[in-house]
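According to this note's numbering, the sequence shown is numbered sequentially starting from -5.
Idealized CB from N, CA, C, for every residue including glycine.
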Amino acid sequence: MRLSGSITALATPFTAAGELDLDAWQRLLQSQVEGGTQGVVVAGSTGEAAALYGGEYDALLRTAVELVAGRIPVLAGTGLSNTAKTIELSRRAAALGADAALVVTPPYVRPTQTGLLAHYRALADDGALPIVLYNVPGRTGCDLLPETAAELAGHDRIIGIKEARSEASRMEALLPLRGEGFAVLSGDDPTAARALLAGADGVISVASNVVPAGLRTLCDLARAGRHEQVKELDARLRGLYDFLGVESNPIPVKAILALQGIGHRDGLRLPLTPLADVHAETARRIHDAIRTIETSCRDAIAA
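Structure, rendered in structure tokens:
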């Protein structure tokens, strides 16, 4: 499997009472497929994985696999703070039909680089699923360094990395690892265009929850070498990127999804709380702006 293009880190819709909303989940998935998304991540950090119960995780992943029906890859978030538990969850995801596992560096425990090598090699050697490394130090307190990623990239069951650090130097250090068996993916929407133009294979995006055709178009334009058009579309999406950072992810993206009729703006589980009222007008303004962008991008993809 070769990952590329726009891959969405899906939010998990809940009702106002905090229950899993599978009807909204199906509509979100359908919107992604129709918008040209080239892969989805189920139960990652954007999907509030830490708040999901075992049966809910299974229902989300099973439904995604059934609805997508092999048209695009389904990645399951399986990263936990313990290696044995991560292996166990990866095996469960494989049994439910996932195509690959997105495995964040173990949160909170802050392993050394030696520990990260042993962790990911154990997962890959187990062989339940192909592994995509995920580095997001701001959330985990642990930084998977490029030289460590380079050692892991040679394993035939490790197929890529999602890098969420925003510095251009980090992406530059990872891009030489690209090959037929290893993809380098941006995990940071605000700098994704820069990464794509530098040669990244794609992006695992939060923004594409609400503009799936917009991010697909951004990736297509970059692949075609149309730099000015990439920069123009990226500039039009800048307001959305900024808004998605006004409160902790996925609070802002859930507010936009609710305006699109998918899930409820209050559908979060503590300690996450609904978007503050001070940002409500900005959410409505961004929603109106991206509707125009998304419509034009969908029309272009259809053509």
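Residue burial classification, residue i (beta-carbon count within 10 angstroms, cutoff 16)
| i | result |
| --- | --- |
| G174 | Correcting the residue identity first, residue 174 is Glu in this sequence and not Gly. By the 10 Å Cβ count, E174 comes out exposed. |
| S163 | exposed |
| D271 | exposed |
| A43 | buried |
| M(-5) | exposed |
| S25 | buried |
| D15 | buried |
| S242 | exposed |
| A37 | buried |
| R151 | buried |
| P124 | buried |
Between the CA atoms of residue j and residue i - distance to the nearest angstrom
| i | j | result |
| --- | --- | --- |
| L146 | P170 | 13 Å |
| A296 | Q254 | 21 Å |
| G148 | G33 | 23 Å |
| Y235 | D183 | 7 Å |
| T72 | L111 | 17 Å |
| P100 | T142 | 15 Å |
| L90 | C213 | 29 Å |
| R220 | T77 | 42 Å |
| P131 | V205 | 26 Å |
| L69 | V224 | 26 Å |
| L306 | K156 | Residue 306 lies beyond the residue range present for the chain, which begins at -5 and ends at 297; the question has no answer from this structure. |
Distance between beta carbons of residue j and residue i, contact taken as under 8 Å
| i | j | result |
| --- | --- | --- |
| A122 | A94 | Contact doesn't hold; Cβ gap of about 10 Å is too wide. |
| G19 | T80 | The sequence given here has Trp at residue 19, not Gly. At roughly 24 Å, the Cβ-Cβ gap does not stay under 8 Å, so W19 and T80 are not in contact. |
| V35 | L96 | 5 Å |
| L4 | N129 | Actually they do not touch by this definition, with Cβ atoms about 20 Å apart. |
DSSP bridge partner residues for residue i (one or two, in chain order)
| i | result |
| --- | --- |
| A45 | For A45, which the question treats as bridged, DSSP gives no partner whatsoever. |
| E275 | In the DSSP output, where bridge partners are listed per residue, E275 has none listed. |
| I125 | A95, I152 |
| I295 | None; I295 has no bridge partner. |
| T2 | V34, S199 |
| F176 | G173 |
| L69 | V35, A94 |
| L54 | Note: L54 sits in no beta bridge, so no partner. |
Residue i beta carbon near the ligand HEM (any heavy atom closer than 6 Å)
| i | result |
| --- | --- |
| E82 | The model on display carries no ligand, and the ligand HEM is accordingly not part of it. |
Within 7 Å, strictly: CB atoms of residue i and residue j
| i | j | result |
| --- | --- | --- |
| R292 | A207 | yes |
| S(-2) | D195 | yes |
| R263 | A249 | no |
| F237 | P244 | no |
| G48 | T6 | no |
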